[in-house]
Amino acid sequence: MPGAGRHRRRIRFALPVAAAGIAAAVTAAVLTTSAGAATALPTPTAKPVVSQPSLATLKKRVAGAEAGDDIAGQTTTKSSRSASTTATTASPKIIGGTTTTISTAPYMAQLWYYDDKGTTDESDDLGFFCGGSVVSPTKILTASHCVKGYNWAKYGVVVTSATVLPTTDADNNTDLHGGQATAVLRQWNHPSYNAATIDNDVAVLTLSAPVKATPIRLTTNTDTTSYTGTAAKTAKVYGWGRTSSSSEDISETLKTASLPIQSDATCAAAYGSLYIKGHNVCAGEAATGSDTTTTAICNGDSGGPLVVAGRIVGVVSWSADDGDATTVNDCVVEGTYGVFAKVSAYVGAAYAQIDDGNLSYTDNKADIYARKSSTKVGYELDSKGTSLATRQSLGDWSGVNLVRSADLNRDGFQDYVYRTTAGAVYWDHFVLNSTRDDGSWVSTKIFTNWKTRTRIVAPGDVTGDYLPDLVSVDSSGVLWIYPGKGNGTFSSPSRVGGGWSQYNALVGKGDFNGDGKADLIARNKSTGAVYLYKGAGKSGTGAFAARIKVRSWPSYNAFDAVGDFTGDGKADLLIRNAGGSLYVYPGTGKATSEIFGTAKSLGTGFQQYDIFG
């Protein structure tokens, strides 16, 4: 309940409403210059352009959102649909449960959105709140209905590391109660999100700076026990949503509740066709129609996590509404359950955003680094999905013979990992200054005497700890994993095995089969056969599954994997043919010969480049 002297919250923290009443709603890296004694190290000439609003501005957004009365997903054109269900309406939205502290769920995030429309008239102001989860220092997993149609970079703010919601006093001073307020750099919602059905209700916000909160991992695409086994009965949800079905009051303090996961059959019986098997999961005991005997998600919990065994298995999406405009007793409609986006179905798409390859920082597409062989000038080639934007010079990159792009310190800025002709490996990373309005590139030597390494790859998280790793092949054909620590340093390498000298191309960036684990693509130098090595999320000999032949490409002379080039949530592959034409092979997420869709030409003349990344 609001305390004395606090600004009264009018906001109806909720999940979107779906009509009829439902809802609530080649290589893969960047090469830089050599570390020879007589040759200067390359320094990228381009700097990330990142908006860094002041703390005062961010607090103003929080205060505006607190005073808002809008519902995420219901502030634009409403959707409608009819369906047969025990409840006449439903909407994407803890009643019951207990209060807790941020230390029990340090990954919990508050998402505040406020747009005053540029007028002094408060009647047109737009303000709402959603929950979310820190899944990487700069990445927040939430619901699409909290993101789609809104400009989070311009009007949003994310608060982490706080148990209590912010409060604003009569003098408009906003207290974050120890929380960290961070601006949003860009947003992504699932490309197949359907506002009418609240389907594919997952999204990722990329923050403009890393937060201190401890991230939580997503479940895997092969996880079934979290949904059907004993562990499923111990699922927990967290949020600051409404605490009563008959009041708009939300919880000032973080709450949690145990909501056992129900079977698909039980959920479908409650909601009919509104419940989408495979994409949805529902949880909780059947609501009784009364607050005192029901524990359920409600308005304001949207986008928050459903957690089993320390991993996210669901994202709060929607719950039932009785459809009676004269009452507010949604969330506890008798016989209904809270509905969540099933994370095992979306982990691949989310992973593409968590470990993105975006050099431009402006969209959700992975970009290309290429060096011109005649001048040694490096260029940034930004993806437009199925074409490339005009190239941008990155300056002199002479003296290097291998480059990879990888966010080794998980700060949201793509780094350059490159090997000099002398064999030293450097990490160039961008460091913001204290005012966060500018910065500079810093070069750090991370390995020495790697001149004889035949392959160096930065595929992302290979070991399953959500930190980026490096993979290399030594002169005897042995593959090694260097587990990253998330700060540009590495743990002792683990040996995967020998025989890798048979490949004349080894690339990887991201997840090619949609299971949320980084994979490798290798081509046999004798036969041209192309193989997928599915990542297992482990170190050592079990790091990759047995290879799967997916193509035969003897004639292509350059390969590059940069991640999700097309922006559809699947890792793609770039290939150059003997004539200098560059193609993108869109990933399908299938670990079979159908792993790539129809190739799309990105143009000709690419024989001028000798390094891709």
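Those letters in the sequence shown? Residues -28 to -1, 1 to 585, by mature numbering (1 follows the signal peptide of the UniProt record, and there is no 0). Beta carbons: idealized from backbone N, C-alpha and C, even for Gly.
Rounded C-beta distance between residue i and residue j? I'm assuming under 8 Å.
i, j, result
"residue 174", "residue 154", "About 20 Å; that fails the 8 Å criterion."
"residue 203", "residue 280", "5 Å"
"residue 287", "residue 115", "5 Å"
"residue 470", "residue 449", "5 Å"
"residue 29", "residue 227", "That belief does not hold up - the Cβ atoms of residue 29 and residue 227 are roughly 29 Å apart, past 8 Å."
"residue 81", "residue 132", "5 Å"
"residue 552", "residue 531", "With 8 Å as the limit, residue 552 and residue 531 do not qualify as a contact, their Cβ atoms being about 15 Å apart."
"residue 468", "residue 539", "Going by Cβ atoms, the distance from residue 468 to residue 539 rounds to 31 Å, so no, they are not a contact pair."
Inspect the beta-carbon positions of residue i and residue j and report whether they are closer than 8 Å.
i, j, result
"residue 536", "residue 432", "no"
"residue 399", "residue 320", "no"
"residue 194", "residue 483", "no"
"residue 563", "residue 506", "yes"
"residue 231", "residue 278", "yes"
"residue 83", "residue 103", "yes"
"residue 250", "residue 314", "yes"
"residue 86", "residue 127", "yes"
"residue 309", "residue 234", "yes"
"residue 176", "residue 89", "no"
"residue 384", "residue 19", "no"
"residue 445", "residue 425", "yes"
Roughly how many angstroms separate the alpha carbons of residue i and residue j, rounded to a whole number?
i, j, result
"residue 555", "residue 528", "10 Å"
"residue 584", "residue 341", "5 Å"
"residue 666", "residue 182", "With the chain running from -28 to 585 in the structure shown, residue 666 is simply not present."
"residue 192", "residue 557", "25 Å"
"residue 149", "residue 135", "8 Å"
"residue 283", "residue 113", "12 Å"
"residue 12", "residue 402", "18 Å"
"residue 437", "residue 466", "15 Å"
"residue 40", "residue 147", "18 Å"
"residue 78", "residue 474", "46 Å"
"residue 316", "residue 285", "7 Å"
"residue 109", "residue 463", "20 Å"
"residue 397", "residue 565", "35 Å"
"residue 344", "residue 582", "6 Å"
"residue 179", "residue 429", "26 Å"
"residue 66", "residue 379", "Because the pLDDT at residue 66 is just 49, under 50, the model does not fix this residue reliably, and the value given afterwards should be weighed accordingly. The straight-line gap from Cα to Cα measures roughly 36 Å."
"residue 382", "residue 73", "26 Å"
"residue 414", "residue 389", "12 Å"
"residue 497", "residue 472", "11 Å"
"residue 499", "residue 525", "8 Å"
"residue 502", "residue 476", "10 Å"
"residue 439", "residue 454", "11 Å"
"residue 255", "residue 101", "22 Å"
"residue 348", "residue 93", "56 Å"
"residue 162", "residue 494", "29 Å"
"residue 186", "residue 106", "7 Å"
"residue 366", "residue 324", "25 Å"
Mark residue i as exposed unless 16 or more other C-beta atoms lie within 10 angstroms of its C-beta, in which case mark it buried.
i, result
"residue 420", "exposed"
"residue 371", "buried"
"residue 352", "buried"
"residue 580", "exposed"
"residue 42", "buried"
"residue 145", "exposed"
"residue 441", "buried"
"residue 196", "exposed"
"residue 138", "buried"
"residue 143", "exposed"
"residue 575", "exposed"
"residue 120", "buried"
"residue 184", "exposed"
"residue 26", "exposed"
Quiz item: Does the stretch 326 to 341 come close enough to the stretch 147 to 165 that 3 or more CB-CB pairs lie under 8 Å?
Solution: yes
Quiz item: Can you find at least 3 beta carbon pairs, one from the stretch 511 to 523 and one from the stretch 352 to 363, that sit closer than 8 Å?
Solution: no
Quiz item: With contact counted as at least three CB pairs below 8 Å, one residue from each stretch, are the stretch 387 to 397 and the stretch 358 to 373 in contact?
Solution: yes
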